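To start, the structure itself, in structure tokens.
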Amino acid sequence: MSSENEPSTEISTSEYERQRLENREAVRALGLDPYGGRRDDLMPLAQAWAAYDEASDKAHQESVAAQKATKKDNPDISAADLPALVDDRPRVSVAGRVKLHRDGGKLIWMNLRDDTRESFQIAVSKKDCDEQGFGVAKKTDLGDIIIAEGPLMKTMKGEVTLWASSVRPASKSLVVPPAKHEGLADIELRYRQRYIDLWATPQTMRTFQLRSKIVAAVRKHLESEGFVEVETPMLQVQAGGAAARPFETHMNALDIPLYMRIAPELYLKRLLVGGMPRVFEINRNFRNEGLDKQHNPEFTMVELYQAFGDYHTVMGITEGIVRAAATLACRERAGEDGVDAEGLFVPWGDISIDFGSPFERVTYAELFERVLGFPTSDIERARSEAESRGIKLVNESGERLDDLFVINELFEDVAEPTLDPGKPTWIMDYPSALSPLTRPKPSDLSIAERADLFVGGMEIGPHYTELNDPDVQESKFRGQLAGIDDEESTFRTFDADFVRALKVGMPPAGGMGLGIDRLTMVLTNQQTIRDVILFPMMRPEA
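Residue numbers for the sequence shown, in the working numbering: 2 to 543.
And the structure:
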């Protein structure tokens, strides 16, 4: 730090920004628009880098050397009498954001980045580049987007380089970029300013490119299984399909309240009634609830229904989906530590997840007894165990919890966490009272035909055998609504039209919902959902 009598050598951000404004005007003074325009001849950086041809580069170097030797031996020789210069090197036009800029006077070095390659070297020589282009290179700042054209060569250090004959501006950056080695280090800024994070942090770009490919792999697998992709309403008169608090809005044209959907379930089932036997949707759901590492108020799910299937049917479909996505992720992440493409092992944090082996299966009752040492039927011991572990035995209103909910509190707090996070596992056959809208087992009506898939310690998808008896469905709907207060009734609704659809006749079916965000988390090695959602929900800036 300088003393009071010494001038400071630090440059303020505002001074850097002022310099960028001056450089923008200098580009205009060259007769060029600093914000560029249309170009149809541009090549992605990775493709340009791969276009380098060693044979033509070597032939060009030999041709240049021959010219120099001739001129050295014959100082008075005219240019017309020199041997012809052979230059068959590939010429490319590329665009990218400048991540490194070194001005050596008559030779300027720049490194560009785009979505295909983290670094691509450009050399701009005053001798070989046009005058405007060299002037642009002089006035280029880190973060600017430029276009460069020229032949490909290799430096003495062996780096493929575009030897620019032309440089043109495409967009001037007036903001000082983050440090080149750190990317955007501030976590909150990464989420708020994803437009900087994407180009400044290569891992972020790779994560979201892989996310897009995962969604495509899910879609491709389902289409190969004969499923038809559909779209159902996101604005709904009633928010149904799950017990969750919806976002509310108002439609002016009809002067009615509307709700952002919490699930597409009831509309997808209507399509089964209509005769579409295998349907799926990949889209957003909206729930006006919590924010944490695994929850965002808007999230992406694939939800599907198969006529004449059951929960085992859709469990098998999901294993196929997940394995297809894991195969893709292993291929895209090949070379990373811990990635085993042959065995389908994917690193996630400190563990490795095995997607190649058959998924584990355990029933709710089996897991409970294995971990706690007594069966779910031993209510007195369950209450004693819950009390000893500090689990509340009363609800928010101070009323004594029903026996089943005491069991489930123990199950979620004690049994679930014992699952091996490295082995995808199904928990099957939940108590019917926990899943009142799920079809019960014919052999035991106290057990619901429901299975939840856990991966990496997270629940990523519920699977069901669906109810299709309209009388039972209506009774379950009314049973859910009975005895709840006005606030709860806003997110537990009775859908009379859906019951009417069931009366038309819905075939027996299996259904499931799979969280795309959480699946992407484990396949891209991200520990929070915000790292796999481009624009996660954030508290507004002051």
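Even glycine gets a Cβ: it sits at the ideal position worked out from N, Cα and C.
In this text, all values refer to a predicted model and were calculated from it rather than measured experimentally.
- Distance from the CA atom of E249 to the CA atom of L267, rounded to whole angstroms, is 19 Å.
- A contact between stretches requires three or more CB pairs, one per stretch, nearer than 8 Å, and the stretch 526-541 meets this requirement with the stretch 343-356.
- Non-local C-beta neighbours of T426 in its own chain, meaning closer than 6 Å and more than five positions away in sequence, comprise E361, L420 and F455, ordered along the chain.
- If you compare the alpha carbons of A96, Y260 and L269 with that of R288, the shortest gap goes to Y260.
- For W110, the closest C-alpha among the options T117, H102 and S166 is that of H102.
- Considered as a whole, the stretch 350-422 harbours 365-373, 380-389 and 404-411 as its complete alpha helix (DSSP H) runs of no fewer than 4 residues, in chain order.
- With fewer than three CB-CB distances shorter than 8 Å, the stretch 412-419 does not count as touching the stretch 278-286.
- Counting C-beta atoms within 10 angstroms of its own C-beta, P432 has 16 or more neighbours from the protein chains shown and is therefore classed as buried.
- Residue nearest to M235 within the set P265, F228, Q194 and L394 is P265 (criterion: CA-CA distance).
- E266 sits in a helix when the DSSP states are folded into three classes.
- If you draw a 10 Å sphere on the C-beta of F375, you find fewer than 16 other C-beta atoms in it, and that means exposed.
- About 6 Å separates the beta carbon of V363 from that of I428, a gap short enough to meet the 8 Å contact definition.
- In this structure, V161 keeps its C-beta atom at 7 Å or more from the C-beta atom of A138.
- Inclusion of G516 and M302 in the CB contact set at 7 Å is warranted, their separation being smaller than that value.
- Here the stretch 472-479 makes no contact with the stretch 331-338; the two share fewer than three CB pairs at distances below 8 Å.
- Taking C-beta atoms under 8 Å as the contact rule, T141 and I148 fail to qualify, at a distance of about 11 Å.
- About 17 Å separates the Cβ atoms of M539 and Q295, ruling out a contact at the 8 Å cut-off.
- Excluding five sequence positions before and after H464, the CB atoms of its chain that fall closer than 6 Å to its own CB belong to Y312, V315, M316, A452 and M513, given in chain order.
- When C-beta atoms of the stretch 51-63 are compared with those of the stretch 12-30, fewer than three pairs fall below 8 Å, so the two segments do not count as touching.
- Put simply, of Q133, V177, G97 and E467 the residue whose alpha carbon is nearest the alpha carbon of A308 is E467.
- Within the stretch 113-156, the complete beta strand (DSSP E) segments at least 3 residues long are 121-126 and 146-155, listed from N- to C-terminus.
- Here L273 really is in contact with Y306; their C-beta atoms are around 6 Å apart, less than 8 Å.
- If you draw a straight line from the Cα of K270 to the Cα of G310, it is about 13 Å long.
- In the three-state DSSP reduction, P298 falls in the coil class, being neither helix nor strand.
- Judged by beta-carbon spacing, L113 lies beyond the 7 Å limit of G136, meaning their Cβ atoms are not closer than that value.
- Boundaries for F209: no beta strand (DSSP E) harbours it, while the alpha helix (DSSP H) harbouring it runs P203 to S225, taken from the DSSP string.
- In the structure shown, the three-state DSSP call for F287 is strand.
- At a Cβ-Cβ threshold of 7 Å, L22 and P170 do not count as neighbours.
- Put simply, of D379, A327, R332 and E381 the residue whose alpha carbon is nearest the alpha carbon of D355 is A327.
- Bounds of any beta strand (DSSP E) do not take in F499; it lies within the alpha helix (DSSP H) bounded by A497 to G506.
- Nearest Cα to R384 within the set D187, E410 and E26: E410.
- Straight-line measurement puts the Cα of V219 at about 36 Å from the Cα of I257.
- Within the same chain, P35, Y36, G37, D145 and I146 come within 8 Å of S172 by CB-CB distance, once the 5 residues on both sides are set aside.
- By the Cβ-count criterion, R40 is exposed, with fewer than 16 other Cβ atoms from all chains shown falling within 10 Å of its own Cβ.
- When secondary structure is reduced to three states using DSSP, L108 falls in the strand class.
- Ranked by Cα distance from E55, the options K73, N24 and P91 are led by P91.
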